[in-house]
Amino acid sequence: MSELADEFQSLLNAVDGYGRDFGVSFSSEKSKVMVVIRSEDERGSVWRLGENKVQQTDEYRYLGIWMSSNGCVKAKNEKISMVNQWVGRLGSAARMRASKYDVLREV
2 MSELADEFQS
12 LLNAVDGYGR
22 DFGVSFSSEK
32 SKVMVVIRSE
42 DERGSVWRLG
52 ENKVQQTDEY
62 RYLGIWMSSN
72 GCVKAKNEKI
82 SMVNQWVGRL
92 GSAARMRASK
102 YDVLREV
């Protein structure tokens, strides 16, 4: 993580150096960069990890949580959707139990 584009590129260069030292190669298909606060310089930046060009992305999944360049909006919406589903299920179960109780009370 870095606040400056040049600083971030030097971090990528350091990662590439460690990879070469320890015999680790990085896949350009699986490696992406997400820029959170974009300035004019960073929009057109070309990021490189060794010889490979690294693509920019607007979102990625980290430990099951979707991160996006404008915050965790997708993760928040997924959680709200799951809560609404469970509230609906619990409400259905409560109505079903209440109607069974009414039927039994009538008998």
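Residue numbers 2 to 108, in the numbering used here, belong to the letters of the sequence shown in order.
Backbone N, C-alpha and C define an ideal beta-carbon position, used for all residues, glycine too.
- The C-beta distance from Gln57 to Val34 rounds to 5 Å, short enough to fall under 8 Å.
- In this model, Trp67 and Glu60 are separated by some 7 Å (Cα to Cα).
- By DSSP's assignment, Ile66 forms a beta bridge with Tyr63.
- According to DSSP, Lys54 shares a beta bridge with Arg49.
- Leu50 is classed as buried because its beta carbon has at least 16 other beta carbons within 10 Å across all chains shown.
- Pairing Val47 with Ser32 gives a Cβ-Cβ distance that is not under 8 Å.
- Rounded to whole angstroms, the gap between the alpha carbons of Glu52 and Asn78 is 38 Å.
- The beta-bridge partner set that DSSP reports for Lys80 is empty.
- Gly20 is not a Cβ neighbour of Ser28, given a cutoff of 8 Å.
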